[in-house]
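Heads up: the protein sequence lines correspond to chains A and B, in order.
Take the first sequence: its letters are residues 3 to 232, numbered as in my numbering.
Take the second sequence: its letters are residues 11 to 756, numbered as in my numbering.
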Amino acid sequence: MKFGVVVFPGSNCDHDCWYALSGALGRPAEFIWHKDGDVSGYDCLVVPGGFSYGDYLRTGAIARFSPVMEGVRRHAEQGKLVIGICNGFQILLESGLLPGAMLRNDSLKFVCSYVTLRTETSATPFTRGIKKGELLRIPIAHGEGNYYADEATLAELEKNDQIVFRYADAAGRTTAEANPNGSLSNIAGICNKSRNVFGLMPHPERAIEASLGSADGRRVFESILAEAAR
Amino acid sequence: MSAEVTITPEIIQKHNVTPEEYQEIRSILGRDPNITELGIFSVMWSEHCSYKNSKKVLKLLPKDGPRMLVKAGEENAGVVDIGDGWVIAFKIESHNHPSAIEPFQGAATGVGGILRDIFTMGARPIASMNSLRFGTLDQPVVRRLLTGVVAGIAHYGNCIGVPTIGGEVYFDESYEGNPLVNAFALGLARKEDIVKAKAEGAGNPVFYLGAATGRDGMGGASFASKDLTEESEKDRPAVQVGDPFLEKLLLEAVLELLKTGCVVGIQDMGAAGLTCSTCETASRGDTGIEIDVAKVPQRETGMVPYEVMLSESQERMLVILKKGREAEAKRIFEKWDLHAEEIGQVTDDKIMRVRWNGKVAAEIPPRRLADDAPVYDRKAVEPKYLTETRAYDWRSAGKPGDLNAALLKLLDSPTIASKEWVYRQYDHMVRTNTTVLPGSDASVIRIKGTNKSIAMSVDCNSTYCYLDPYEGGKIAVLESARNVACSGAKPLSITNCLNFGNPHNPEIFWQLQKCVEGMRDACLALGTPVSGGNVSLYNQNPKGAIDPTPTVGMVGLIEGRQPVTSHFKDAGDAVLLLGTTREEMGGSEYLKTLFKVKSGLPPRADLAEAVKLVDLLQALAAKGLLKSAHDCAEGGLAVALAESCISSLGQETGAQLTVDAAGLAPEVLLFSETQSRAVITVAPERLEEARRLIAAQGYPCAVIGKVGGHELVINGLVRVPVEVLSHTWRGSIARRMDAAGGSSAL
């Protein structure tokens, strides 16, 4: 399985994703420059975190018009895998590859901290190796992670089992206190209906080695690798 | 403003140029300067750029060491060899005055400026820290400043993707109206990749790279070199506006460009903008430089040379390329969508010449601007207040009453309390290298692909510096070394930011001199030279000057092992106190918090003892004996023990301790701030090994109990449930900020 990490001007977790894949997991990964529309050589695209185009106007709002996003769209339409992390998730929302929108954190402050995620479904290529209900410790770092969707969309997401991770407390309860940004229904990550496009605010690539505080993020990448081996 | 202005004594005074300095300018030029030249001299000869008041004192600081590759003052940041071909470049710099006027942009551009100093050396910034000082949080204006400064640092640092991994936040009335924002950055490079900011080779083209020049930040360097007054609000145009996205592009483009070898020299346009970058690069290269201001990209119309030369618009660079390599460089600028213009060339006549529409707008020998600024011997007189504070008897403040309540009060003091409210807003994990997150004694960054980590800490107890500048300066260095050593690192070198009041006041100058002498002695004892830094004087307003604040950023190296953190790990671990507790209550947080008293004789630090402890901590870490290590600082032993119990969220634990009082009063035993002490824990099965090692090094040590339980118990004096300690300490700043509506009108 070959990974491509998209680099926008202002991406700043591109190197971390690349390192997680190629360094910690030892898988082939390459950078894809945003001016490059051809992404045909990759099995899984990673849209990384950061501040693409400075996040001016609105997070992800300018990046969606970048030439590379046309390639990402085609890649997704072919049923291949796309994972958007943090700003990458915001870009996938802005591009319409995932439903809903992102608001500023309810605290109106940027928040960087470890959070606990409850796995809501194993039925995605990104969580196949994680049991439903399993708790993962993975950091967040964002100012706009307050996921929002209208009632009908939320009902759709629930019905189709598209909610992948929710913020939870240490006991796995999805309480208001465990919600770091005010996101709707404690949603931390969702996938599309076809289940090949996945977006999440937490940073699995930051939790890939015990020396960093947690290796739980590996579970997501290992699920992707296991999926490829199927 | 018109280009033709007649120079009058009023105009000279407005430029903060003294009549004597004006005569010096005349003799350099052999004529009267025009307004552009006067402006150029005024910013280059400001304290901020020339250190004219502090230069003689700064000479006291040791700069040499076997690891020092670029020494203080030679370049934009010092460079230290960490072995195996790797080097680190680091520096701390103030952005106090801009932050006082406009906290968000002031702090943001402080971060932007220090990062540019690092990456223009060819080093990729891998960590930021900061030292922030404010008045007390019961003042709405202070809450507004804290909110704005923290949001500004977060805005810039988070966007550019350099982790802000820690620092210090200190509260004291002396900073009311004069907040301090000192930004630290550290970069990593291969030894061969370090570049100099030199203009060499006549005929080489000079490029301007980055944001267009506007009227923002006009004369910021001279603004930062005078007292703040109520009129300072009107100086708001002297505060720049930052664009971290643009700087991220600059950072990537510059590092890519430097790899090509087509760069002769590069310098950030920071304080004094285009003026400083042109004359400093020419002065270092012992050349001349000629630029045409009409070719400088401008975002406003009608700008005259005076404005273009003095503007401090952010995110701009001066790049000197090898002639014939321009196309290569332009490809990189275009890749990153950056605007670059050729604005001039290097010359060999040792003159900095500024042209404008075919005319010469300024003509000055660059060396006279950059290196030959006047140097003053300021008068130093011991401050009168010291007679009173030295004689103060701490017992006269009163009795502490309930010691549990006293401990909680100290943990609730914002200076001591958890800074989580602050660092949660900083992305401290990006780049996936932060192996010790903020909240420990030192923060630690690993270097991927090596067995090395860099530990760093910024420190200064300014109350000590106020009550005894010599001891205070010494302790600032020693404490930062101890913090770094608690993580298991070997202290290597410091950068410092000397924040003081107006140097024309002999009492303030005496504070500066004594602090520097103290720092010198500590640096010499530890073998940690000063790699660079910055001086910020005139930190005073009509109410008075700040307490002397020589902020120290210490950098240490860990090789081949995991860093040590300050929180207790496992029940049953033995708790050891290293060092001796003496009756040293003067200047303590105990006196400040419980009795609102800032007086007395602060603790004395014995240099030999301090060095011994730093060595011992490293020796213990090298043997893998330390499960935790925490320095005793503000609030003394009791606060250190409490912090070790609670500082790791989700891993809080109690401890059952009995400390030999050795005839000390209970409040002295608990809260004295005697230096050179640390609380460590050791696994029970390795206790004997640890004790043997400590005994062999001849350091005082007492096994005082064990980790475990749900309470912190110290003798019969303190018994507090861990959750009460944690709640008090962790929520202190949030309670003051959020409950009181700390948000500012940003």
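Where is the CB? At the ideal position from N, CA and C, for every residue including glycine.
From a predicted model like this one, the values you see are computed outputs, not experimental measurements.
- Neighbours of TYR600(B) across chain A, judged by C-beta separation under 7 Å, do not exist; the nearest C-beta is about 32 Å away.
- Under DSSP, ILE111(B) takes part in no beta bridge, so it has no partner.
- Across the segment 78-93 of chain B, no CB contact with chain A closer than 9 Å is found for any residue.
- Within the segment 682-745 of chain B, the runs of alpha helix (DSSP H) at least 4 residues long that lie entirely inside it are, in chain order, 697-707.
- Closest in C-alpha terms to ARG200(B), from the list ALA427(B), GLY177(B), ARG740(B) and MET131(B), comes MET131(B).
- Pairing ALA416(B) with PRO410(B), the inter-Cα distance amounts to about 7 Å.
- ILE464(B) is positioned such that its CB atom lies closer than 9 Å to that of ILE92(B).
- By DSSP's assignment, CYS114(A) forms a beta bridge with ALA143(A).
- From the beta-carbon of HIS438(B), the residues of chain A found nearer than 7 Å are CYS114.
- Counting the other CB atoms within 10 Å of its CB gives LEU735(B) a total of 16 or more, which places it among the buried residues.
- Under the three-pair Cβ rule at 8 Å, the segment 568-585 of chain B does not count as touching the segment 136-149 of chain B.
- Residue pairing by DSSP puts CYS507(B) in a beta bridge opposite ASN544(B) and THR561(B).
- Rounded to the nearest whole angstrom, the C-alpha separation of PHE217(B) and ALA230(A) is 49 Å.
- For a cut-off of 8 Å, the C-beta gap from LEU722(B) to GLY664(B) is around 6 Å, short enough to register as a contact.
- Scanning ARG492(B), VAL432(B), SER450(B) and VAL274(B) for the CA closest to the CA of VAL160(B) turns up VAL432(B).
- Here the alpha carbon of GLY252(B) sits roughly 16 Å from the alpha carbon of HIS107(B).
- In the structure shown, the three-state DSSP call for GLN92(A) is helix.
- In this structure, GLY566(B) sits away from ALA532(B), with a CB-CB distance that is not shorter than 9 Å.
- Residues ILE170 of the same chain have their beta carbon placed closer than 6 Å to that of LYS258(B), with the five preceding and five following residues left out of the count.
- Distance between GLU290(B) and THR297(B), taken at the CA atoms: about 10 Å.
- The beta-carbon separation of SER490(B) and VAL562(B), rounded to 5 Å, stays under the 8 Å limit for a contact.
- Under the Cβ criterion of 9 Å, ILE45(B) is not counted among the residues facing chain A.
- Annotation for SER467(B): the continuous beta strand (DSSP E) segment containing it runs 462-469.
- Going by DSSP, ILE374(B) is part of no alpha helix (DSSP H) but of the beta strand (DSSP E) stretching over 369-374.
- Contact residues of the segment 138-150 of chain A toward chain B are PRO141, ALA143 and GLY145 (C-beta to C-beta distance below 8 Å).
- SER598(B) and ASP422(B) have their C-alpha atoms spaced approximately 15 Å apart.
- Not flagged as an interface residue toward chain B: HIS77(A), since no C-beta distance is shorter than 9 Å.
- Between THR123(A) and ILE165(A), the C-beta spacing is below 9 Å.
- With a cut-off of 8 Å on Cβ pairs, the segment 113-129 of chain B is not in contact with the segment 428-442 of chain B, counting fewer than three such pairs.
- Between ILE556(B) and TYR180(B), the beta carbon gap of about 11 Å keeps them out of contact (Cβ cut-off 8 Å).
- By the CB criterion at 9 Å, VAL303(B) and ILE353(B) fall inside the cutoff.
- Under DSSP, the beta-bridge partners assigned to TRP96(B) are GLY93(B) and ARG200(B).
- Secondary structure at GLN666(B): strand, using DSSP grouped into helix, strand and coil.
- Within chain A, the C-beta atoms nearer than 7 Å to that of GLY171(B) come from ASN14 and GLY52, in chain order.
- Within its own chain, the residues whose Cβ lies closer than 6 Å to the Cβ of ARG377(B), once the five positions on either side in sequence are excluded, are SER293, listed in chain order.
- Our two residues, LYS622(B) and THR288(B), have alpha carbons roughly 46 Å apart in a direct line.
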